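> Have a look at the structure that comes next, please.
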């Protein structure tokens, strides 16, 4: 019998994760080789603890003597943390609208790819990587605590798609306080969303407050493609909102202008974010171009903080 997860194709499969990893290695090798400033600084590595081996872990991390005590079932892996490393947290949108599919592509797909790119960049810099998810309007916050390694990135992608293994975040009065309450030290926080909700401007203001203590930037998912509607003959069309459960009647002209209105709204959000000193990166459905742009953007910010 096949499970529900086996029936659903992953938003980012293992081969795509490997492709992203290779692209990151190629783009970031210049920061650690030759005369360039090395990212791996500090007094050395601190031993965190032991855990079971997971898919994606490097064989060099296996503690063979300890594994013999468990008869190699499972293998035991050592975890280390370097004092110079940072904590990277991806805050991703899981609104119902992100799961709607247009021409075989959902808004959740580029969000998942952004999570994978940020996560694999953290793996390259040996940073801890964690995930936080939210529903429409930044409600229902859930989190997956930061850990080190490629297997953690795969775990975060699985948690994002299937909404499992996440812990509820207690609301602390405001968005900035709720997120900051989970951070034990200064972190690199990436908020990934299309920002197509009513209180988006208020959310941006809250994130600007968080930016005073942490390094926050926005990955704005270009979701106009999901609003590109085919030509219809009917003069009036009934539209249903999967998030509010409400429906409304709109004209053919209004339906045809949805994509343009979406771009205009996202342009406004980008402008508002920059007005409060938040950096914004537009992330589209072009996989190669978007992945390279985000990788270089993260590398630049990581250099700024070291």
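In our numbering, the protein residues as written are 9 to 314.
Where is the CB? At the ideal position from N, CA and C, for every residue including glycine.
All values reported here derive from a predicted model rather than from experimental measurement.
I'd like to know if the stretch 118 to 133 and the stretch 287 to 307 are in contact, where contact means that at least 3 CB-CB pairs between them fall below 8 Å.
yes
> Taking the alpha-carbon positions, what's the residue 166 to residue 198 distance?
18 Å
> DSSP has residue 244 in a bridge; who is on the other side?
259
> Could you check if residue 203 is buried or exposed, using at least 16 other CB atoms within 10 Å of its CB as the buried criterion?
Buried is the call here.
> Would you tell me roughly how many angstroms separate the C-alpha atoms of residue 109 and residue 260, rounded to the nearest one?
Between residue 109 and residue 260, the alpha-carbon positions lie close to 21 Å from each other.
> Report the residue ranges of all alpha helix (DSSP H) runs contained in full by the stretch 149 to 197; include only those spanning at least 4 residues, in chain order.
158 to 170, 183 to 188
> Could you give the distance in angstroms between the alpha-carbon of residue 21 and the alpha-carbon of residue 29?
12 Å
> Taking Cβ to Cβ, would you say residue 277 is nearer than 8 Å to residue 208?
yes
> Based on Cα-Cα distance, which residue from 188, 229, 232 lies nearest to residue 219?
188
> Taking the continuous beta strand (DSSP E) assigned at residue 292, which residues delimit it?
No beta strand (DSSP E) contains residue 292, which DSSP labels as neither H nor E.
> Go ahead and label residue 194 buried or exposed: buried means 16 or more other beta carbons lie within 10 angstroms of its beta carbon, across all protein chains shown.
exposed
> Assuming residue 217 is part of the alpha helix (DSSP H), what are its boundary residues?
DSSP places residue 217 in the uninterrupted alpha helix (DSSP H) bounded by 208 to 218.
> For residue 171 and residue 102, which I take to be in contact (beta-carbon distance under 8 Å), what is that distance rounded to the nearest angstrom?
Rounded to the nearest angstrom, the Cβ distance from residue 171 to residue 102 is 7 Å, consistent with a contact under 8 Å.
> Please name the residue or residues paired with residue 146 in a DSSP beta bridge.
Paired residues: none, contrary to the question.
> Based on the DSSP secondary-structure assignment, which residues constitute the bridge partners of residue 96?
137, 196
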